[in-house]
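Visitor:
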Amino acid sequence: MKPKNLKTKIFLDSGDPKEAKEAFRFLSFLDGQTTNPTLISKNPEVAKKLARGEKLSERETLNFYRKTVQEIFQIIPRGSISIEVYADKTTTTEKMLAQAKEMYSWIKNARIKFPTTIEGIKAAQIAIKEGLRVNMTLCFSQEQAAAIFIALKKAKKGQAFLSPFIGRLDDRGENGMELIKNILKIRKEAKSKVEILTASVRKLEHLLYAIYLGSDIVTVPFHILKEWEKKGLIMPSKNFQYSAPDLKPIPYQKLDLNLPWGKFNLYHSLTEIGLEKFTKDWKSMVK
Ligand code: E4P
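1 is the number of the first residue of the sequence shown in my numbering; add one for each residue after it.
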């Protein structure tokens, strides 16, 4: 049963419909699922093919992605399902949009993931205007978040998500959860309707602290959802303390939210590394 005070939406972070099925069995209130090229390349069906040395053509790879999200849709028909465009450093706005439109037609509850880069933001602005739902991915900084709040001002309620990747910041010794805290503060100042989706979750404490902070959504790997279930879907107490003594704090940055979005520093090394990893994993499936 859904915990009484749970306001944060809970998503599964996975490219495997079997995990969706199992998670939905013990979490009947599951609100959606996020996928990305890495998660799709880890799907057991593809992983087996790759282990046998078999690869797919570009079209077959895309068809496999479509089949996977369509299976997930059958399991979570009322949830929100994020599908990510292929984007490397050279992918233009037009190319991202063309993929977005195709992917959006796959299922009724699709949401398109664009990278938090100049081209990605431009593509998202057009997508929003055309009525598509978007999820801005690979966000690692407050400046990137501010740019999104300004660029996506026209987004209607529920039309845009922003995904800060907290685990990857933790991985390199920075306290990723502080990014969520700071971005929520900036979102309030910007009076933005963009929803904050805590992503790259590594442990149960991340989930609990995201709930405590009031993140709109949190996407969680299957094994952590399972651990949460085993612990009786515990909720953070009023005095919940998130402890990360070994991680460097991320101080709040006071930003001028009257600036045009292009004035913010959109560069973050982890965004670049993230794009490289997603494209490498996508290509690992293709002949
Ligand atoms: C979800 O939208 C993200 O792509 C995912 O949470 C990234 O997680 P990772 O940092 O563990 O790859």
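Even for Gly, the Cβ is constructed at its ideal location relative to N, Cα and C.
Treat the numbers as computed from the prediction; the structure is a model and nothing was measured.
1) From this set, Asp281, Ala160, Thr61 and Val69, which residue's C-alpha is nearest Leu293's C-alpha?
2) Suppose the cutoff is 7 Å on Cβ atoms and the five residues either side in sequence are ignored; what does the same chain contact list for Leu132 look like?
3) Based on the DSSP output, what are the partners of Pro115 in its beta bridges?
4) By alpha-carbon positions, which one of Ser82, Lys254, Trp106 and Lys154 ends up nearest to Pro37?
5) So Leu341 and Leu184 are in contact, right, with Cβ under 8 Å, and what is the actual spacing, rounded?
6) What do you get for Leu270, buried or exposed, if any count of 16 or more other CB atoms within 10 angstroms of its CB means buried?
7) When DSSP labels each residue in this structure, what does Thr61 get in the three-state scheme?
8) Using three-state DSSP, classify Leu162 as helix, strand or coil.
9) Just the C-alpha distance for Asp13 and Tyr65, rounded to the nearest angstrom, thanks.
10) Look at the alpha carbon of Glu195 and the alpha carbon of Ala155, and state the distance between them as a whole number of angstroms.
11) Pull up the distance between the alpha-carbon of Leu255 and that of Ile107, whole angstroms please.
12) What is the DSSP secondary structure of Gln33, reduced to helix, strand or coil?
13) For the beta strand (DSSP E) holding Phe24, just list the boundary residues, first then last.
14) Given that a residue counts as buried once 16 or more other Cβ atoms are within 10 Å of its Cβ, and exposed if not, what is Pro249?
15) Is it buried or exposed, Ala146, if we count other Cβ atoms within 10 angstroms and call 16 or more buried?
16) Is Ser200 near the ligand E4P, in the sense that its beta carbon is under 7 Å from a heavy atom of that ligand?
17) Along the chain, where does the alpha helix (DSSP H) containing Phe375 start, and where does it finish?
18) If Ser192 and Phe149 are in contact, beta carbons under 8 Å, what's the gap, nearest whole angstrom?
19) What did DSSP end up calling Lys42 once you bin it into helix, strand or coil?
20) Less than 8 Å between the beta carbons of Met285 and Lys2, yes or no?
21) Using the Cα positions of Gln144 and Thr116, report the straight-line distance between them to the nearest angstrom.
22) Consult DSSP for Ala98 and reduce its assignment to one of helix, strand or coil.
23) Compare the C-beta of Asn239 with all C-beta atoms of chain D and state if any pair is closer than 8 Å.
24) From what residue to what residue does the beta strand (DSSP E) around Pro11 run?
25) Bridge partners of Val110, per DSSP?
26) Just list the residues that DSSP pairs Ile217 with in beta bridges.
Guide: So, to answer that:
1) What is shown of the chain runs 1 to 287, which leaves residue 293 out entirely.
2) So the qualifying residues of the chain are Ala100, Tyr104 and Ile112.
3) Thr137
4) Ser82
5) The question about residue 341 has no answer, for the chain in this structure spans 1 to 287.
6) buried
7) When DSSP states are grouped into helix, strand and coil, Thr61 belongs to the helix group.
8) strand
9) 15 Å
10) Taking the straight line from one Cα to the other gives about 10 Å.
11) 38 Å
12) Strand.
13) According to the DSSP assignment, Phe24 belongs to no beta strand (DSSP E) but to the alpha helix (DSSP H) extending over Pro17 to Phe26.
14) By the 10 Å Cβ count, Pro249 comes out exposed.
15) buried
16) Placement of the Cβ of Ser200 at a distance of less than 7 Å from at least one heavy atom of the ligand E4P is found.
17) Absent from the structure is residue 375, since the part of the chain shown begins at 1 and ends at 287.
18) 4 Å
19) Lys42 falls in the coil class under three-state DSSP.
20) Going by beta carbons, Met285 and Lys2 fall outside the 8 Å limit.
21) Each residue's alpha carbon lies about 7 Å from the other.
22) helix
23) You won't find chain D in this structure, because it holds only one protein chain.
24) Checking the displayed sequence, the identity of residue 11 turns out to be Phe instead of Pro. Membership of Phe11 in the beta strand (DSSP E) is indicated by the continuous run Lys9 to Asp13.
25) Contrary to the premise, residue 110 reads as Ala rather than Val in this sequence. DSSP lists Ile81 as partners of Ala110.
26) When beta bridges are read from the DSSP output, Ile217 appears opposite Lys9 and Leu197.
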